[in-house]
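Residue numbers (this note's numbering): 77 to 182.
Here a beta-carbon is modelled for each residue, glycine too, at the ideal position from N, C-alpha and C.
Structure (structure tokens):
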């Protein structure tokens, strides 16, 4: 659902919102709300970026994604923070979720 709906929602939000950050927030929230109504319980990951008219880059991500930007000189800059179960367990469990690793429950 994220792969097909988020681009559509983001396109609509970019036309309606005051800023790329607001458009990203509202489109990610709308996608999450649609998934919840549809009974989706599995996780997803996604990274989206918007370059505005002033060439400012705004990035949003959900799930276990990493966004990087590379300059022509070869420099690499990390734009996102990796998710870590030890930092996010309380938030995930409070939302009714759980953590699973390759060996079973974390």
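Nearest CA to the CA of residue i: which residue from the options?
i: residue 177; options: 170, 165 and 171; result: 165
i: residue 143; options: 134, 112 and 149; result: 134
i: residue 114; options: 149, 171 and 81; result: 81
i: residue 102; options: 111, 88 and 168; result: 88
i: residue 175; options: 92, 131, 155 and 140; result: 140
i: residue 105; options: 136, 131 and 129; result: 136
Return yes when the Cβ of residue j is within less than 8 Å of the Cβ of residue i, no when it is not.
i: residue 99; j: residue 86; result: yes
i: residue 78; j: residue 107; result: yes
i: residue 138; j: residue 120; result: yes
i: residue 83; j: residue 90; result: no
Which stretch, first to last residue, makes up the beta strand (DSSP E) that contains residue i?
i: residue 154; result: 152–154
i: residue 134; result: 133–138
i: residue 144; result: 144–146
Near residue i, which residues of its chain fall below 6 Å by C-beta distance, leaving aside the five closest residues on each side in sequence?
i: residue 127; result: 133
What does a CB cutoff of less than 8 Å around residue i pick up in its chain, not counting 5 residues either side in sequence?
i: residue 145; result: 133, 152, 153 and 155
i: residue 112; result: none
i: residue 158; result: 140 and 142
So the alpha helix (DSSP H) residue i belongs to, where does it begin and stop?
i: residue 100; result: 96–113
i: residue 170; result: 161–170
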